[in-house]
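Engineer: Protein chains in written order, with my numbering: chain A, -9 to 137; chain B, 68 to 251. C-beta atoms are modelled at their ideal positions from N, C-alpha and C, and glycine is treated no differently. Provided herewith is a single structure, encoded as structure tokens, for subsequent inquiry.
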């Protein structure tokens, strides 16, 4: 009797935290990241499509079985292929979809920084007194036009 | 010239060129996709596109080329498609009917959950070969815009009839029997 009670207590201690963490996500949480393949829009916009409803039912089943968001997405990709996700994958050619915008932003920031520095330097040079006489002016002009 | 060769203009020009190339690629790829969706060149008399897919059971693959020399009723379906429920038992009966005369019904399950599709096949007792197109890539090749959608393909691999929507006994009798040479 005591052993049975002890076993039940251990089982409760092991199962209770897992049960408390379930469900780990919701259908609504995934609807904007999953595509209705028949209608070509995210699931949250496909309210009437039977194909979207079938995807929703699968997600609900997986949510009910305590699968995490990533596990559900993996299962959806296994069922329908990578096109089922609205966000591109983070490896292979799809990685470019993440890298290119970040690289473009960085390049833009660097370009603005360099332009600002050059502009500041040219202003500082412009404020300096030019050497007197025609020769000095000619030198200053040549330097300004970078010939 | 010296200014153009400076690192900053080179970086900017390269970036602009890369963005332009991406834009052109996007337009060309999108345009090709749109054209494929809009034009309908797959009519009676056209050669059936190639098709190779895994079996729904998960045991091996099957190709349309395997059926060369046979009359094929190629049916695109899904378990979530309501009219497919009505026509599936009919297709099963027709598969049994034409099999001995060198005919076959071939089902292509599209955009479906595999367990649901298998449950559907078991529920309606479908014994004809069922292929699985999980992401619907063959829909574009066959210009299929909905389910069910059925093609009758002759022994020479040419499409002889297309039915957009559920097939019925009259359609199959009219389109399939003359090809198999069976008595009506």
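Where does residue 134 (chain B) land, buried or exposed, given buried means 16+ other C-beta within 10 angstroms?
Structural biologist: With 16 or more Cβ atoms within 10 Å of its Cβ, residue 134 (chain B) is classed as buried.
Engineer: Could you list the residues in the region 166 to 183 of chain B with a C-beta less than 8 angstroms from some C-beta on chain A, going in chain order?
Structural biologist: Taking 8 angstroms as the Cβ-Cβ cut-off against chain A, the residues of the region 166 to 183 of chain B that qualify are 178, 179, 180, 181, 183.
Engineer: Taking residue 28 (chain A) as the query, report the chain B residues whose CB atoms sit under 8 angstroms from its CB, ordered along the chain.
Structural biologist: Near residue 28 (chain A) (Cβ distances below 8 angstroms), the residues of chain B are 178, 203.
Engineer: Between residue 29 (chain A) and residue 114 (chain B), what straight-line distance do the alpha-carbon atoms span, to the nearest angstrom?
Structural biologist: Cα to Cα, residue 29 (chain A) sits roughly 28 angstroms from residue 114 (chain B).
Engineer: Going by Cα to Cα distance, which pick from B:162, B:201, B:238, B:85 is closest to residue 119 (chain B)?
Structural biologist: With distances taken between Cα atoms, residue 119 (chain B) lies closest to B:201.
Engineer: Within 10 angstroms of the Cβ of residue 182 (chain B), are there 16 or more other Cβ atoms? Answer buried if so, exposed if not.
Structural biologist: Result: exposed.
Engineer: Indicate whether at least one CB of chain A lies closer than 8 angstroms to the CB of residue 161 (chain B).
Structural biologist: Not an interface residue.
Engineer: For the alpha helix (DSSP H) that contains residue 209 (chain B), what are its first and last residues?
Structural biologist: Residue 209 (chain B) -> no alpha helix (DSSP H), and no H or E assigned at all.
Engineer: Residue 217 (chain B): buried (16+ other C-beta within 10 angstroms of its C-beta) or exposed?
Structural biologist: Buried is the call here.
Engineer: Assuming residue 48 (chain A) contacts residue 63 (chain A) under a Cβ cut-off of 8 angstroms, what Cβ separation, rounded to an integer in Å, is found between them?
Structural biologist: So it is not a contact: roughly 12 angstroms between Cβ atoms.
Engineer: Measure from the C-beta of residue 32 (chain A) to each C-beta in chain B and report whether the shortest distance is under 8 angstroms.
Structural biologist: Judged by the 8 angstroms Cβ criterion, residue 32 (chain A) is not in contact with chain B.
Engineer: Are there 16 or more other CB atoms within 10 angstroms of the CB of residue 237 (chain B), so buried, or fewer, so exposed?
Structural biologist: With fewer than 16 other Cβ atoms within 10 Å, it is exposed.
Engineer: Please classify residue 199 (chain B): is it buried, with 16 or more other beta-carbons within 10 angstroms of its beta-carbon, or exposed?
Structural biologist: By the neighbour-count rule (16 or more Cβ atoms within 10 Å), residue 199 (chain B) is buried.
Engineer: Between the region 137 to 144 of chain B and the region 208 to 223 of chain B, do three or more beta carbon pairs fall short of 8 angstroms?
Structural biologist: Yes: at least three Cβ pairs fall under 8 angstroms.
Engineer: Distance check for residue 244 (chain B) and residue 160 (chain B), CA to CA, integer angstroms please.
Structural biologist: C-alpha separation (whole angstroms): 14 angstroms.
Engineer: Please list the partners that residue 69 (chain A) has in chain B, where partner means a Cβ-to-Cβ separation under 7 angstroms.
Structural biologist: Near residue 69 (chain A) (Cβ distances below 7 angstroms), the residues of chain B are 180, 181, 201.
Engineer: Looking at C-alpha atoms only, which residue of B:177, B:191, B:148 is the closest neighbour of residue 209 (chain B)?
Structural biologist: The residue with the shortest Cα to Cα distance from residue 209 (chain B) is B:177.
Engineer: Grouping DSSP H, G and I as helix and E and B as strand, with all else coil, what is residue 120 (chain B)?
Structural biologist: It is a strand residue.
Engineer: Am I right that residue 197 (chain B) and residue 174 (chain B) are in contact with their C-beta atoms under 8 angstroms? What's the rounded C-beta distance?
Structural biologist: Yes, they are in contact, since the Cβ atoms of residue 197 (chain B) and residue 174 (chain B) sit about 4 angstroms apart, within 8 angstroms.
Engineer: Are residue 67 (chain A) and residue 17 (chain A) closer than 8 angstroms when you measure CB to CB?
Structural biologist: Not a contact, by the Cβ cut-off of 8 angstroms.
Engineer: Taking the alpha-carbon of residue 246 (chain B) as reference, which of B:227, B:89, B:213 has the nearest alpha-carbon?
Structural biologist: When only C-alpha atoms are compared, the closest one is B:227.
Engineer: Report yes or no: do three or more beta-carbon pairs, one from the region 140 to 159 of chain B and one from the region 77 to 89 of chain B, lie closer than 8 angstroms?
Structural biologist: No contact exists between the region 140 to 159 of chain B and the region 77 to 89 of chain B.
Engineer: Do residue 24 (chain A) and residue 32 (chain A) count as a contact pair if the criterion is CB distance below 8 angstroms?
Structural biologist: Taking 8 angstroms as the Cβ cut-off, residue 32 (chain A) and residue 24 (chain A) qualify as a contacting pair.
Engineer: Quick check: is the beta carbon of residue 79 (chain B) nearer than 8 angstroms to any beta carbon in chain A?
Structural biologist: Chain A, which has a Cβ nearer than 8 angstroms to the Cβ of residue 79 (chain B), makes this yes.
Engineer: Who are the neighbours of residue 106 (chain A) on chain B, taking C-beta pairs under 9 angstroms?
Structural biologist: In chain order: nothing, as chain B lies at least about 12 angstroms away.
Engineer: Hey, residue 162 (chain B) and residue 191 (chain B): beta-carbon distance below 8 angstroms or not?
Structural biologist: Going by C-beta atoms, residue 162 (chain B) is not nearer than 8 angstroms to residue 191 (chain B).
Engineer: With respect to the alpha helix (DSSP H) encompassing residue 224 (chain B), which residues constitute its N-terminal and C-terminal limits?
Structural biologist: Note, residue 224 (chain B): premise wrong, no alpha helix (DSSP H); not H, not E.
Engineer: With 8 angstroms set as the bound, which would you pick, yes or no: does the beta-carbon of residue 14 (chain A) sit closer than that to a beta-carbon of chain B?
Structural biologist: With 8 angstroms as the cut-off, residue 14 (chain A) does not count as an interface residue toward chain B.
Engineer: If you count every other CB in all the chains shown that lies within 10 Å of the CB of residue 126 (chain A), and 16 or more means buried, which is it?
Structural biologist: Exposed.
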